[in-house]
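What follows is a single structure, written as structure tokens, with notes after it.
There are 2 protein chains.
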Amino acid sequence: MKIAIAQLNFHIGNFDSNVEKIVAAIHNAKRANAELIVFSELAVCGYPPRDFLEFDDFIDRCYHSIDIIAKECDTMAAIVGSPSYNTKGKGKHLFNSAFFIENKKVKKIVHKSLLPNYDVFDEYRYFEPNLTFECIQYKNKKIALTICEDLWNTSNNPLYTTNPMEELSKHHPDVVINIAASPFYYHQSDARKEILKNNALQYHLPIIYVNQIGAQTELLFDGGSMIIDRKGRIEEFDYFKEDFRMVEFKEDITIEKVKISNVQPIQKIHDALVMGIRDYFQKLGFQKAILGLSGGLDSAVTLALAVEALGSENVLALLMPSHFSSEHSVTDAKEIAETLHVSYEIISIENSFSSLEDTLKPYFKDLPFTIAEENMQARIRAIILMAFCNKFGYILLNTSNKSEAAVGYGTLYGDMCGGLSVIGDVYKTQVYELADFINKDQIIIPKNTIEKPPSAELKPDQKDSDSLPPYPILDKILYEYIEHCFGPDEIIQLGYDEQLVSIILKMVNINEYKRKQSPPILRISPKAFGMGRRLPIVGNYLS
Amino acid sequence: MKIAIAQLNFHIGNFDSNVEKIVAAIHNAKRANAELIVFSELAVCGYPPRDFLEFDDFIDRCYHSIDIIAKECDTMAAIVGSPSYNTKGKGKHLFNSAFFIENKKVKKIVHKSLLPNYDVFDEYRYFEPNLTFECIQYKNKKIALTICEDLWNTSNNPLYTTNPMEELSKHHPDVVINIAASPFYYHQSDARKEILKNNALQYHLPIIYVNQIGAQTELLFDGGSMIIDRKGRIEEFDYFKEDFRMVEFKEDITIEKVKISNVQPIQKIHDALVMGIRDYFQKLGFQKAILGLSGGLDSAVTLALAVEALGSENVLALLMPSHFSSEHSVTDAKEIAETLHVSYEIISIENSFSSLEDTLKPYFKDLPFTIAEENMQARIRAIILMAFCNKFGYILLNTSNKSEAAVGYGTLYGDMCGGLSVIGDVYKTQVYELADFINKDQIIIPKNTIEKPPSAELKPDQKDSDSLPPYPILDKILYEYIEHCFGPDEIIQLGYDEQLVSIILKMVNINEYKRKQSPPILRISPKAFGMGRRLPIVGNYLS
Chain A
182 MKIAIAQLNF
192 HIGNFDSNVE
202 KIVAAIHNAK
212 RANAELIVFS
222 ELAVCGYPPR
232 DFLEFDDFID
242 RCYHSIDIIA
252 KECDTMAAIV
262 GSPSYNTKGK
272 GKHLFNSAFF
282 IENKKVKKIV
292 HKSLLPNYDV
302 FDEYRYFEPN
312 LTFECIQYKN
322 KKIALTICED
332 LWNTSNNPLY
342 TTNPMEELSK
352 HHPDVVINIA
362 ASPFYYHQSD
372 ARKEILKNNA
382 LQYHLPIIYV
392 NQIGAQTELL
402 FDGGSMIIDR
412 KGRIEEFDYF
422 KEDFRMVEFK
432 EDITIEKVKI
442 SNVQPIQKIH
452 DALVMGIRDY
462 FQKLGFQKAI
472 LGLSGGLDSA
482 VTLALAVEAL
492 GSENVLALLM
502 PSHFSSEHSV
512 TDAKEIAETL
522 HVSYEIISIE
532 NSFSSLEDTL
542 KPYFKDLPFT
552 IAEENMQARI
562 RAIILMAFCN
572 KFGYILLNTS
582 NKSEAAVGYG
592 TLYGDMCGGL
602 SVIGDVYKTQ
612 VYELADFINK
622 DQIIIPKNTI
632 EKPPSAELKP
642 DQKDSDSLPP
652 YPILDKILYE
662 YIEHCFGPDE
672 IIQLGYDEQL
682 VSIILKMVNI
692 NEYKRKQSPP
702 ILRISPKAFG
712 MGRRLPIVGN
722 YLS
Chain B
182 MKIAIAQLNF
192 HIGNFDSNVE
202 KIVAAIHNAK
212 RANAELIVFS
222 ELAVCGYPPR
232 DFLEFDDFID
242 RCYHSIDIIA
252 KECDTMAAIV
262 GSPSYNTKGK
272 GKHLFNSAFF
282 IENKKVKKIV
292 HKSLLPNYDV
302 FDEYRYFEPN
312 LTFECIQYKN
322 KKIALTICED
332 LWNTSNNPLY
342 TTNPMEELSK
352 HHPDVVINIA
362 ASPFYYHQSD
372 ARKEILKNNA
382 LQYHLPIIYV
392 NQIGAQTELL
402 FDGGSMIIDR
412 KGRIEEFDYF
422 KEDFRMVEFK
432 EDITIEKVKI
442 SNVQPIQKIH
452 DALVMGIRDY
462 FQKLGFQKAI
472 LGLSGGLDSA
482 VTLALAVEAL
492 GSENVLALLM
502 PSHFSSEHSV
512 TDAKEIAETL
522 HVSYEIISIE
532 NSFSSLEDTL
542 KPYFKDLPFT
552 IAEENMQARI
562 RAIILMAFCN
572 KFGYILLNTS
582 NKSEAAVGYG
592 TLYGDMCGGL
602 SVIGDVYKTQ
612 VYELADFINK
622 DQIIIPKNTI
632 EKPPSAELKP
642 DQKDSDSLPP
652 YPILDKILYE
662 YIEHCFGPDE
672 IIQLGYDEQL
682 VSIILKMVNI
692 NEYKRKQSPP
702 ILRISPKAFG
712 MGRRLPIVGN
722 YLS
């Protein structure tokens with residue numbers, strides 16, 4: 182039996198486009214004499230559909246899509262992800278399902294058993310877990326059909342009380358098929374391979390694993406579908422690209438030539454961010470990006486990523502100096518814009534700033550220059566950028582990094598503006614790594630931009646290091662707190678200064694109100710700010 | 182047996198303050214010769230603690246709090262809500278628990294069985310559900326101890342597959358105690374009484390129900406704890422206030438004098454919003470609010486609520502006219518500010534706007550005046566308001582209503598700014614009702630403010646009705662879509678114009694990106710924008 186595997190990029194709620202892609206893949210597979218084709222989790226509606234699942238109209242459109250797809254499945258069967266109604270009269274109203282279609286009819290609907298409900302996942306918000314297990318019989322093969330998380334309950338302290346593979350293996354399947362929607366973070370593809378390989382070895386079964394690609398706002402899906410034989414040998418699909426492959430399943434599935442990518446995490450982060458920008462614009466129907474180019478590292482790296490994603494002709498950079506801007510800020514910014522062939526404009530904020538100062542003079546009188554005036558500059562820049570967006574149809578790219586977002590070192594409604602935060606999940610120390618990666622073949626980001634001390638340039642001779650510890654230390658403490666959920670005692674035990682730890686954790690917590698209003702942040706880490714990290718604003722823990 | 186019931190306002194993560202309140206209530210109860218005192222759900226840490234639950238350090242502090250509380254429980258037992266570790270080696274790492282403390286020791290820990298995971302609730306994100314049921318024996322009484330949702334699995338199509346009261350009733354309890362954290366919306370107190378009464382009648386048992394009060398950012402808890410006897414007669418506690426009462430439990434609990442409040446929904450909304458503002462400031466340690474007062478209805482109502490919450494001496498209003506502002510805007514705004522004894526300043530945005538126009542002239546040239554210039558005005562006002570915040574320590578109150586937030590009729594980084602959105606869950610038609618309620622004893626909001634046609638005044642002779650259908654129609658369609666999750670066909674079948682429905686639903690969906698960056702919105706409806714409504718930004722459903 183030939184099995185086709187379709188790794189595709191779906192658009193949430195865009196049923197026409199999703200069905201069209203699925204049908205086109207079915208036609209390809211038929212031409213290649215496949216007898217079965219497999220699509221990823223919730224393929225018909227895109228993953229994650231989130232609260233669209235609460236609309237019966239949305240679910241009805243999923244069923245309607247399945248009907249259209251079924252008509253194409255004459256000579257060939259298909260496995261397609263879709264929500265389905267729970268008709269048992271108890272429990273949540275939906276299942277997260279895999280529809281097995283054969284002879285133009287839905288022959289079987291298999292439901293997901295393990296519903297991830299942590300980090301960015303909310304599946305128990307919508308779906309009832311499956312508790313009954315049987316295999317699908319097709320062409321003399323028994324298929325253990327599972328959905329994503331169903332294969333992940335493997336630790337010594339498992340998150341779930343049921344184990345689908347334990348149950349399914351009692352029915353002696355010939356193969357495991359897993360349809361997934363597994364989002365990227367920099368170590369996720371390794372974790373996936375490890376989990377799937379362990380399943381193959383433990384149950385002595387080949388596995389066909391199908392993931393989706395593409396960006397769904399902040400969530401980035403990297404693909405990396407794979408075929409694993411019962412000896413744990415892996416053939417890996419492309420990352421960050423649609424892919425379509427066939428596997429021959431005679432007596433068994435055997436991987437003759439192991440194909441595993443060996444890509445460094447920083448390149449994965451780079452590729453993920455480029456896809457994240459590109460797909461955000463494509464799915465929203467926009468072409469052109471704008472950003473504020475300060476001459477600093479963050480906006481330089483964001484610009485380079487935007488150019489790669491959208492093309493230099495689709496990116497405009499605004500250089501908006503004030504009298505606090507150093508000379509090299511403008512020259513450094515010009516240099517990278519010119520290197521990347523990006524149009525730029527130099528727009529001074531001096532007059533607007535003076536005018537606002539005059540307006541406020543009767544109230545601020547002779548009070549000293551404070552954060553109020555610093556923020557005013559950042560907010561004037563935001564007005565100018567947003568005016569270009571509103572006038573010409575740009576989307577503003579936000580250039581804040583994760584370290585800043587964490588400690589609130591940024592101006593709400595100022596440099597925190599934007600339709601999309603490109604590097605908001607990238608710590609400052611990783612931004613340096615990204616810059617080096619971008620410069621690996623030729624200097625794109627000027628040496629001076631990388632080497633000069635980071636500064637917001639909102640008051641005379643300001644440096645980030647005036648108010649923050651050095652980034653290599655800051656980032657490590659943030660990582661322990663944010664990614665590891667370590668408390669102060671645990672972090673201090675790692676050798677960090679008690680007072681410093683206390684100050685930093687407090688900064689993180691009291692700035693939750695700013696992050697609440699931040700643009701969506703492309704997620705590249707196991708714990709990004711946004712939907713995967715949910716904290717109360719009026720909380721008073723460590724603050 | 183005398184049972185004390187403590188309806189308190191807890192602060193998330195503020196263990197010192199929560200423990201202090203709990204201990205004070207224990208002392209009160211002891212003085213009144215109580216033998217048992219009952220506190221609400223997750224009392225030690227406040228509800229909802231959200232992802233603070235992912236920090237072991239946070240959970241350890243909960244246990245430590247329980248230790249301190251237990252020391253006070255010498256002559257009297259206590260039921261205290263707290264998370265507890267799941268030590269079974271399977272499933273989520275925590276339970277949502279009620280600690281039964283007697284003789285200074287934790288005698289029993291009862292876990293919540295039904296974990297709400299819909300709307301604003303994420304409990305399955307953290308907690309493993311309980312599946313075993315037994316009663317607590319205390320002073321010759323058998324107590325069926327349950328936690329909030331445990332009593333709510335009652336419809337014909339129940340959301341959960343287990344029913345705790347069915348299980349517990351097999352053990353023949355004498356009383357049901359339910360510790361809760363049930364947030365407010367305008368019909369929730371009625372729903373609660375109905376559910377609890379039905380439980381009392383069905384199982385023929387008295388129920389002691391303890392809720393918390395107070396605002397936890399967007400979630401408003403209204404209290405309304407109650408005692409229900411087995412005939413379904415109810416004694417209701419205060420709403421929106423801390424309360425402490427005793428109930429006598431001899432052979433049975435009997436309500437001699439039914440006490441049920443009969444308050445109109447619009448008053449509940451008013452009281453909830455006032456508490457929401459007050460508690461937000463109190464928990465963050467701020468005193469002073471600022472807002473932009475346009476002369477329109479929304480800012481007038483917000484101002485009146487702010488004054489009630491914080492006192493007129495703690496509120497500053499800025500009137501920021503442009504040359505598009507009508508004469509009556511300023512006079513209406515002044516009138517309400519003066520009526521409420523609120524300080525105000527009139528700050529023209531003319532010069533700042535001209536200055537920005539000049540700055541942009543080389544790029545915008547002679548292009549027509551568009552949304553770009555409209556938004557610039559709103560954004561200049563935001564800069565001024567935020568400059569006051571940064572200079573003097575105000576929190577900016579956002580004045581947008583739910584109808585605007587729904588269709589995106591507002592300027593991101595302009596009038597959408599603020600630390601807290603006061604009426605962002607109040608439809609425009611409800612804002613009129615609120616104004617009438619505020620004016621019930623004396624005219625506070627000027628007649629002209631209520632009667633003039635709503636306008637953003639960002640271009641000549643602009644009216645909301647230029648780009649939006651009349652609010653009474655708009656709000657009804659929005660309600661069917663947002664609160665009922667009806668699709669277009671269902672709404673059209675209710676008698677609304679097909680094209681209008683299509684345009685409005687599209688406006689709602691394409692403006693998700695704006696709402697992503699909105700301030701937290703005080704929740705008074707069953708479906709507020711914010712944590713209870715989660716939609717993908719790049720989705721393409723009905724758009």
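Chains as they are written, first to last, in the working numbering: chain A, 182 to 724; chain B, 182 to 724. For every residue, glycine included, the Cβ atom is placed at its ideal position computed from N, Cα and C.
Contact with chain A by residue i, beta-carbon distance below 8 Å
| i | result |
| --- | --- |
| residue 243 of chain B | no |
| residue 476 of chain B | no |
| residue 598 of chain B | yes |
| residue 311 of chain B | no |
| residue 533 of chain B | yes |
| residue 464 of chain B | yes |
| residue 694 of chain B | yes |
| residue 668 of chain B | yes |
| residue 330 of chain B | no |
Any C-beta of chain B under 8 Å from that of residue i
| i | result |
| --- | --- |
| residue 294 of chain A | no |
| residue 272 of chain A | yes |
| residue 404 of chain A | no |
| residue 190 of chain A | no |
| residue 266 of chain A | no |
| residue 236 of chain A | yes |
| residue 671 of chain A | yes |
Interface residues of chain D facing residue i [CB-CB closer than 7 Å]
| i | result |
| --- | --- |
| residue 194 of chain A | The structure shown has no chain D; the protein chains it does contain are A and B. |
Rounded C-alpha distance that separates residue i from residue j
| i | j | result |
| --- | --- | --- |
| residue 379 of chain B | residue 617 of chain B | 35 Å |
| residue 190 of chain A | residue 586 of chain A | 30 Å |
| residue 465 of chain A | residue 590 of chain B | 19 Å |
| residue 222 of chain B | residue 613 of chain A | 46 Å |
| residue 398 of chain B | residue 468 of chain A | 37 Å |
| residue 711 of chain B | residue 301 of chain A | 16 Å |
Own chain residues within Cβ distance below 8 Å of residue i, not counting five before or after
| i | result |
| --- | --- |
| residue 247 of chain A | 225, 261, 263, 280, 282 and 287 |
Element boundaries [alpha helix (DSSP H), containing residue i]
| i | result |
| --- | --- |
| residue 618 of chain A | 609-619 |
| residue 519 of chain A | 508-520 |
| residue 623 of chain A | Careful: residue 623 of chain A lies outside any alpha helix (DSSP H) and carries neither H nor E. |
| residue 466 of chain A | It is not in any alpha helix (DSSP H) - residue 466 of chain A carries neither H nor E in the DSSP assignment. |
| residue 483 of chain A | 478-491 |
| residue 719 of chain A | Unbroken run through residue 719 of chain A: none, as it is neither H nor E. |
| residue 323 of chain B | No alpha helix (DSSP H) holds residue 323 of chain B; the beta strand (DSSP E) holding it covers 322-328. |
| residue 712 of chain A | Neither: residue 712 of chain A is in no alpha helix (DSSP H) and is coded neither H nor E. |
Close Cβ partners of residue i (< 6 Å) along its chain, the five nearest in sequence each way excluded
| i | result |
| --- | --- |
| residue 370 of chain B | 405 |
| residue 390 of chain A | 359, 377, 406 and 407 |
Range covered by the beta strand (DSSP E) that runs through residue i
| i | result |
| --- | --- |
| residue 604 of chain A | Residue 604 of chain A -> no beta strand (DSSP E), and no H or E assigned at all. |
Residues of its chain near residue i, where Cβ-Cβ distance is below 7 Å and the 5 sequence neighbours each way are ignored
| i | result |
| --- | --- |
| residue 728 of chain B | Absent from the model: residue 728 of chain B. The displayed extent of chain B is 182 to 724, so no value can be given. |
Given 8 Å, three or more beta-carbon pairs between the stretch 648-663 of chain A and the stretch 506-519 of chain A
no
How about the stretch 439-458 of chain B and the stretch 543-557 of chain B: do they share at least three Cβ pairs that are nearer than 8 Å?
no
State whether the stretch 705-715 of chain B contacts the stretch 264-274 of chain A, with contact taken as three or more CB pairs (one from each stretch) at a distance under 8 Å.
no
Does the stretch 660-672 of chain B touch the stretch 652-672 of chain A, meaning 3 or more C-beta pairs lie closer than 8 Å?
no
contact_flag[the stretch 600-611 of chain B, the stretch 553-566 of chain B] where n(CB pairs < 8 Å) is 3 or more:
no
Would you say the stretch 309-316 of chain B touches the stretch 345-356 of chain B, given that touching needs at least three Cβ pairs under 8 Å?
yes
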